[in-house]
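Heads up: the structure comes next, in structure tokens.
In the numbering used here, the protein residues as written are 49 to 335.
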């Protein structure tokens, strides 16, 4: 699915037989890169206000994961955390990236962290935005709907841009911009909606989606930046402080009055701590 109105300029790569849309600020450049991984509903255009700013001093990669945005939606794709993490790893290998600064949001959290568990030697730093290690997490109401057969399909069939904007604005501390909803709706064909259903149904047990205390993720000395909108109704802000249980050296930034998509509510509020963090660690010699 090619969209001439997309915010980020993309190229297409075939990875494991799947056509994947990729933004790469320095194709063929350094093997060190800042890698942005979107969640649900995506797409990579979520990063439109952040990626170009970070690209001023680092190679930046973002992608539409299978089933999302401009990427292919094969019915046979494994829409589990493991399936998406495996795809992410294959993509990074294809792009020649061997030192990774992860920036994760929403379901990008478990996808990226699963990849991190499998490739700890490649991880240079970790930035999580309203996601992370969520010990004791319980799914929000939309997830429970998507996880329910028939009800989930009916919900997806009846969803519309107007209904989405009303629902998200009701939940969010600030009204969701019409431009954001239009961008998401542009890619919300049935194949995308089917992918969302499969993703959530493969993750009914939150512990299968979000790493918990026994995950082996604890990484003393790993540079970690936690950014969290304190009005998130889907992944509550109480989980922000929990990240230090696993990442003792994490810096934590709570953004007052922002919601689950703080980079939509106030891009600069997210960019300021993220850019400062990445400038300290991109190019730094591994310890």
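Yeah, the Cβ is synthetic: ideal placement off N, Cα and C, and Gly gets one too. All values reported here derive from a predicted model rather than from experimental measurement.
Per the Cβ contact rule, the stretch 280-297 is in contact with the stretch 179-192 (3 or more Cβ pairs under 8 angstroms). In terms of Cβ geometry, residue 145 and residue 83 form a close pair [threshold 8 angstroms]. Using a C-beta cut-off of 8 angstroms, the stretch 193-204 makes no contact with the stretch 289-301, since fewer than three inter-stretch Cβ pairs fall below that distance. Looking at the backbone, the Cα of residue 269 and that of residue 327 are separated by about 17 angstroms. Note on the stretch 163-187: whole beta strand (DSSP E) runs with a minimum of 3 residues are 171-177, in chain order.
Less than 8 angstroms separates the beta-carbon of residue 75 from that of residue 59.
Beta-bridge annotation (DSSP): residue 150 is paired with 83, 174.
If you check the CB distance, residue 170 and residue 204 do not come in under 8 angstroms. Note on residue 283: 16 or more other CB atoms within 10 angstroms of its CB, so buried under the neighbour-count rule. For residue 60, the enclosing beta strand (DSSP E) has its first and last residue at 59-63. In the DSSP assignment, residue 276 falls within the beta strand (DSSP E) that extends over 272-277. Take the alpha-carbon of residue 148 and the one of residue 189: they are about 33 angstroms apart.
Following the DSSP letters along the chain, one finds residue 120 in no beta strand (DSSP E), marked with neither H nor E. DSSP places residue 312 in the uninterrupted alpha helix (DSSP H) bounded by 310-313.
Taking a contact to require three or more Cβ pairs closer than 8 angstroms, the stretch 94-105 and the stretch 160-169 do not qualify as touching. By the Cβ criterion, the stretch 103-116 is in contact with the stretch 124-139, since at least three pairs of Cβ atoms, one from each stretch, lie closer than 8 angstroms.
In the three-state reduction of the DSSP assignment, residue 212 falls in the helix class, which pools H, G and I. In this structure, residue 325 keeps its C-beta atom at 8 angstroms or more from the C-beta atom of residue 208. DSSP, read as helix, strand or coil, puts residue 300 in strand. Just measuring C-alpha positions, the residue of 234, 219, 249, 256 sitting nearest residue 306 is 219. Bounds of the alpha helix (DSSP H) holding residue 102 are 99-102.
Boundaries of the beta strand (DSSP E) harbouring residue 111: 108-111, taken from the DSSP string. Of 319, 132, 234, the smallest CA-CA separation from residue 166 is found for 132.
For residue 69, the uninterrupted beta strand (DSSP E) run begins and ends at 66-72, by DSSP.
The beta carbon of residue 315 is closer than 6 angstroms to those of 97 in its chain, skipping five residues each way along the sequence. With respect to the C-alpha of residue 87, the residue from 295, 232, 331 having the closest C-alpha is 232. CA-to-CA, the gap between residue 254 and residue 156 works out to about 14 angstroms.
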